[in-house]
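Peer 1: Sending over a structure as structure tokens; questions will come in a sec.
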Amino acid sequence: MANDMYHIAETQFEEMQQFVTLDDVMELAKRLARNTRNLNDMLDTLESAQDFIRDAAPLTKDMMTEATTQLTELERKGYFGFVRQGMYVMDQIVTSFGEDDVKQLGDNVVLILNTVKALTQPEMMTMLNNLTQGFHEAESEAQAGQLDIGMFGLLKQMRDPEVRRGLAITLETLRRVSAQAPRSSNGNK
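Just remember that this note's numbering sits 110 ahead of the position in the sequence shown, which is counted from 1.
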């Protein structure tokens, strides 16, 4: 058998002689011998990586399945459409406002947030809803000619306690807003 192996090796070397010399083979054998530990370490690492891949493949598959399911659910609920439209809003803001506008916004952001916080209280939301609904109803009545806007019609409305209460609140609100407004330099109040 050794004789057969020798003849096969000799035949193979003759075919490769133009590419590889005996010196090249000897140099390779020496390098392999010198780097046996490195090669063993490399093979150990390769085996560990293969074991890790074999063990992690089911977990990775489960993770990918779960991620796909979650992304599908987010798409179904409209999150991605919301983000796309949010990007559109951001684009509108960026193209409509300059750096100075953003700086002023930043300087006043606490005041803006406090105002929004105050406006979102239930009583304020109810009042704003009633105000807008009342305005639309009154505007419709005025357009239809159903609202008496003459002097006597206005005086007649003053007999209604709700009208007097609303007018008193409006006048008091205007007084307080006016008191907070900066006075003009010519001394007018």
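Think of the CB as a built atom: it goes at the ideal place given N, C-alpha and C, for glycine as much as any other residue.
1. Might you give, ordered along the chain, the residues of its own chain that have their beta carbon closer than 8 Å to the beta carbon of L149, omitting 5 neighbours on each side?
2. Distance check for A119 and N113, CA to CA, integer angstroms please.
3. Does M174 come out as helix, strand or coil in the three-state DSSP assignment?
4. Quick check on R269: does DSSP put it in helix, strand or coil?
5. Where do the ends of the alpha helix (DSSP H) carrying V199 lie?
Peer 2: Inspection of the coordinates gives the following:
1. L142
2. 10 Å
3. helix
4. coil
5. Y189 to S206
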